[in-house]
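J.: Taken in order, these protein sequences are the chains called A and B. Throughout, my numbering is defined as the position within the first sequence, counted from one, plus 6. Throughout, my numbering is defined as the position within the second sequence, counted from one, plus 274.
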Amino acid sequence: DAKTTQPTSMDCAEGRAANLPCNHSTISGNEYVYWYRQIHSQGPQYIIHGLKNNETNEMASLIITEDRKSSTLILPHATLRDTAVYYCIVRAISGAGSYQLTFGKGTKLSVIP
Amino acid sequence: EAGVAQSPRYKIIEKRQSVAFWCNPISGHATLYWYQQILGQGPKLLIQFQNNGVVDDSQLPKDRFSAERLKGVDSTLKIQPAKLEDSAVYLCASSSSQSSYNEQFFGPGTRLTVL
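#1: Beta-carbon separation of A/Tyr42 and A/Arg97 under 8 Å?
#2: When you compare each of A/Thr10, A/Ala84, A/Thr11 and A/Asp73 to A/Leu115 by their alpha carbons, which one comes out closest?
#3: Confirm, please, whether the CB-CB distance from B/Arg290 to B/Arg385 is below 8 Å.
#4: Taking a cut of 9 Å between CB atoms, which residues from the segment 361-381 of chain B lie near chain A?
#5: Per DSSP, B/Tyr307 forms a beta bridge with which residues?
#6: Note down, in chain order, every chain B residue with its Cβ under 7 Å from the Cβ of A/Pro27.
#7: Under 9 Å between beta-carbons, which chain A residues line up against B/Gln310? List them in chain order, please.
#8: Buried or exposed, going by whether 16 or more other CB atoms sit within 10 Å of the CB of B/Gly314?
#9: Nearest to B/Asp360 by alpha carbon, out of B/Gln378, B/Val388, B/Gly346 and B/Thr350?
#10: When Cβ atoms are compared, which residues of the segment 35-56 of chain A fall closer than 9 Å to chain B?
#11: Compute the distance between the beta-carbons of B/Ser292 and B/Pro335, then report whether it is under 8 Å.
#12: Taking only three categories from DSSP, how would you classify A/Arg97?
#13: Excluding sequence positions up to five away, which residues of its chain have a Cβ less than 6 Å from the Cβ of B/Ser370?
#14: How big is the Cα-Cα spacing for B/Gln311 and B/Val363?
#15: Out of B/Pro299, B/Ile300, B/Ser301 and B/Gln322, which one is the CA nearest neighbour of B/Tyr309?
#16: Is the beta carbon of B/Leu390 less than 8 Å from the beta carbon of B/Cys366?
#17: Restricting to runs no shorter than 3 residues, where is the beta strand (DSSP E) found entirely within the segment 34-68 of chain A?
#18: From which residue to which residue does the beta strand (DSSP E) around B/Thr387 run?
#19: When DSSP builds the beta bridges, which residues end up paired with B/Lys391?
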């Protein structure tokens with residue numbers, strides 16, 4: 007799996023957009039970019055994933071650069087409940103329909119009132 | 275739908291004792307994962323099951339850790355004997371091959387402290 011690089015920590019003011027970057031310069035053509043987050047004392051939670059097009063769901067938007075070497079997770083209006091560790095993971099989806107996640111240390115996002 | 279259930283939520287034992295964790299995945303999810311998360315680090319995969327068969331246990335310390343999923347539903351992870359460095363949160367996750375993007379659903383974890 008391709009290696010990812012994320013900042014250790016970030017702050018964001020409540021109500022503002024939180025933009026979390028991720029570098030994955032060695033990503034392969036069949037590898038997807040996944041984002042999970044882990045709120046304190048809880049298990050990780052899936053947020054979004056994408057291959058090469060930008061994606062949006064009810065939680066966030068994912069912007070992937072044209073060369074696919076980096077991406078940005080955007081939380082459009084951060085709330086205090088978004089304070090968590092955010093993990094960017096690059097992974098190919100197997101034909102068997104299951105895949106393994108290799109977590110790094112992620113970015114600790116603190117949303118400040 | 276009910277989420278992934280784990281028990282106990284917390285466990286404190288002394289080194290060299292044994293301990294077992296239980297996981298009940300989301301109904302119908304064929305794939306089950308056990309992760310170990312040491313404080314300050316991301317989760318690390320220990321073992322992956324597909325139904326009642328092991329897909330990958332390459333990172334499971336087999337001299338002291340064992341896991342089973344006998345009927346392809348719930349699963350048990352055991353440590354015997356425990357060491358100080360086993361202190362961690364043990365997370366169980368499940369996924370469905372029916373999902374178009376193979377999202378993994380995680381339980382709340384079991385926090386193990388080895389004294």
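Cβ atoms here follow ideal geometry from the backbone N, Cα and C, with glycine treated the same way.
T.: On the basis of the data shown:
#1: no
#2: A/Ala84
#3: no
#4: Val363, Leu365, Cys366, Ala367, Ser369, Ser370, Ser371, Gln372, Ser373, Tyr375, Asn376, Glu377, Gln378, Phe379, Phe380 and Gly381
#5: Beta-bridge pairing links B/Tyr307 to B/Gln322 and B/Ala367.
#6: Chain B residues near A/Pro27: none, gap ~17 Å exceeds 7 Å.
#7: By Cβ distance, chain A contributes nothing, its closest Cβ being about 11 Å from B/Gln310, past 9 Å.
#8: exposed
#9: B/Val388
#10: Tyr38, Tyr40, Tyr42, Gln44, Ser47, Gln48, Gly49, Pro50, Gln51, Tyr52 and His55
#11: no
#12: Reduced to three states, the DSSP call for A/Arg97 is strand.
#13: His303
#14: Between the alpha carbons of B/Gln311 and B/Val363 lies a distance of about 5 Å.
#15: B/Gln322
#16: Because chain B spans 275 through 389 in this model, residue 390 of chain B falls outside it and cannot be assessed.
#17: 37-44 and 51-56
#18: Thr384 to Val388 is the span of the beta strand (DSSP E), which, as asked, contains B/Thr387.
#19: Residue 391 of chain B lies beyond the range of chain B shown here (275 to 389); nothing can be said about it.
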